[in-house]
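As structure tokens, the structure follows; a few thoughts come after it.
Number of protein chains: 2
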Amino acid sequence: MSMHDKILEAAEARLRSGGYGAVSFRDLASDVGVKSASVHYHFPRKEDLGVAVVTAYTEKVFEALGMAMQARTPRDRLAGYIGVFRHALVEEDAICLCAMLGAEARGLPHQVAEAVRVFFQANIDWLDEALANASRKPKSAEIIAALEGAMLLANTMDSIAVFEDVADGLLSRTE
Amino acid sequence: MSMHDKILEAAEARLRSGGYGAVSFRDLASDVGVKSASVHYHFPRKEDLGVAVVTAYTEKVFEALGMAMQARTPRDRLAGYIGVFRHALVEEDAICLCAMLGAEARGLPHQVAEAVRVFFQANIDWLDEALANASRKPKSAEIIAALEGAMLLANTMDSIAVFEDVADGLLSRTE
DNA sequence: GTCTATAATTTGATAGAC
DNA sequence: GTCTATCAAATTATAGAC
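Now the structure itself:
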């Protein structure tokens, strides 16, 4: 993997566990085995790094969602959508990057906050399309809010039970 | 108001907009019109301040919830509960303190993270009691997750519509 | 691309006068 | 309780050698 991508990966991990203020160039440099000046070579300002991480994260999520869109029924597509979030929470043991940055939105550089908005709008659009044929369903923004909130609570209480309850509730209201 | 409480108030506002890393003793001192050494007099370490803010916030929320518990039906009690969160979002123009700190939980001093856990557990207990007689209702943790997620999304997208949609959905599933 | 070196600022925290 | 003064460390960021 390129140094550019290694830095993005390390920055995503630190952002998702501690937030924007908890990421420093020196820590990232140490994570990937270089000096902080080298991190600045790849991402001149912290804001540049923030935007790049959110953009890369968005692309990664929507690549995974591409397969989920292929499912035959609206409910199966929603199940695939939920699965992407579950994987982020359980396998990567962290909340969604944009749950963290969305919470901090008012205190972020404008371009970073804007990238987070783009992520959520793209999620709304994806769900609108995936569930277009459903006869019964929550609004797209409701689904996203429920899952992001579930991640947040599961993260704090260190229990994924609430996530599964929310997932079951969403699926039972969709057909 | 005492200086102690003024500092708590300023710290809550800064925590809710930017997170733990966005709060500094100097900024708080400037907010309340003293020097940073005076803030340290009231709260020796940042961790002490963090715990105190979460504790005071919890008491404030549960004082408001006291009245909501008096309502006659489970649905009315849930409506009162939702109203406390709506007030925080709309009138104070910020997400719930514990949505922010819950997101950052993994990167917080342990005692601060523990205080956030206490807040959420108390919310679960409150809802369990308030909705004990309901014939049909979401699980308590589902309700909290839905509302916290709705605040997060409303905060990011700068629109309270999603919060109202989530609130309506919760009330319609409760009786 | 990565390094050393460093600038300029901010941060959490303390000592001691008043 | 609040202040001045200060410290040690950390932070974002840049200049210039290799």
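Protein chains in written order, with our numbering: chain A, 125 to 299; chain B, 125 to 299. Built from N, CA and C at the ideal position, the CB exists for glycine as well.
Residue 240 of chain B and residue 141 of chain A have their C-alpha atoms spaced approximately 16 angstroms apart. Annotation for residue 281 of chain B: the continuous alpha helix (DSSP H) segment containing it runs 264 to 281. Residues of chain A whose Cβ lies closer than 7 angstroms to the Cβ of residue 289 of chain B are, in chain order, 263, 265, 266. Contact note: residue 280 of chain A reaches chain B through 226, 229, 240, 241, 244, using a C-beta cutoff of 7 angstroms and chain order. The C-beta of residue 161 of chain B has fewer than 16 other C-beta atoms within 10 Å across all chains shown, which makes the residue exposed.
At the C-beta level, residue 276 of chain B and residue 278 of chain A stay beyond 7 angstroms of one another. For residue 284 of chain B, no alpha helix (DSSP H) run applies, since DSSP gives it neither H nor E. Sequence-ordered contacts of the region 149 to 172 of chain A with chain B are nonexistent [C-beta pairs closer than 7 angstroms].
Bounds of any alpha helix (DSSP H) do not take in residue 126 of chain B, whose DSSP letter is neither H nor E. By a beta-carbon distance limit of 8 angstroms, residue 251 of chain A contacts residue 264 of chain A. Their separation comes to about 4 angstroms. Around the Cβ of residue 125 of chain A, a 10 Å sphere holds fewer than 16 other Cβ atoms; the residue is exposed. In summary, residue 211 of chain B is exposed, with fewer than 16 beta-carbon neighbours lying within 10 Å of its beta-carbon over all protein chains present. CA-CA distance, residue 247 of chain B to residue 268 of chain B, rounds to 8 angstroms. Assignment of alpha helix (DSSP H) within the region 125 to 188 of chain B, counting only whole runs of 4 or more residues, yields 127 to 142, 149 to 156, 160 to 166 in chain order.
For residue 286 of chain A, the CB contacts under 7 angstroms within the same chain, skipping 5 residues up- and downstream, are 274, 277, 278 in chain order.
For the C-beta of residue 176 of chain A, not a single chain B residue is nearer than 7 angstroms; the gap to the nearest is close to 19 angstroms. Selection B:289, B:174, B:223 evaluated against residue 234 of chain B yields B:174 as nearest (Cα-Cα). Between residue 180 of chain B and residue 152 of chain B, the CB-CB gap reaches or exceeds 7 angstroms.
Per the C-alpha coordinates, the member of B:188, B:164, B:139 positioned closest to residue 209 of chain B is B:188.
Distance from the CA of residue 281 of chain A to the CA of residue 230 of chain B, rounded to the nearest whole angstrom, comes to 11 angstroms. Close partners of residue 276 of chain A in chain B (Cβ separation under 8 angstroms): 223, 226, 227, 269, 272, 273, 276. Residue environment analysis places residue 261 of chain A among the buried positions, since at least 16 neighbouring C-beta atoms fall within 10 angstroms of its C-beta. The three-state secondary structure of residue 200 of chain A, taken from DSSP, is helix.
As for any alpha helix (DSSP H) of minimum length 4 sitting wholly inside the region 194 to 249 of chain A, the runs are 198 to 214, 221 to 227, ordered along the chain. In this structure residue 131 of chain B is not in contact with residue 178 of chain B, their Cβ atoms being roughly 14 angstroms apart against a cut-off of 8 angstroms.
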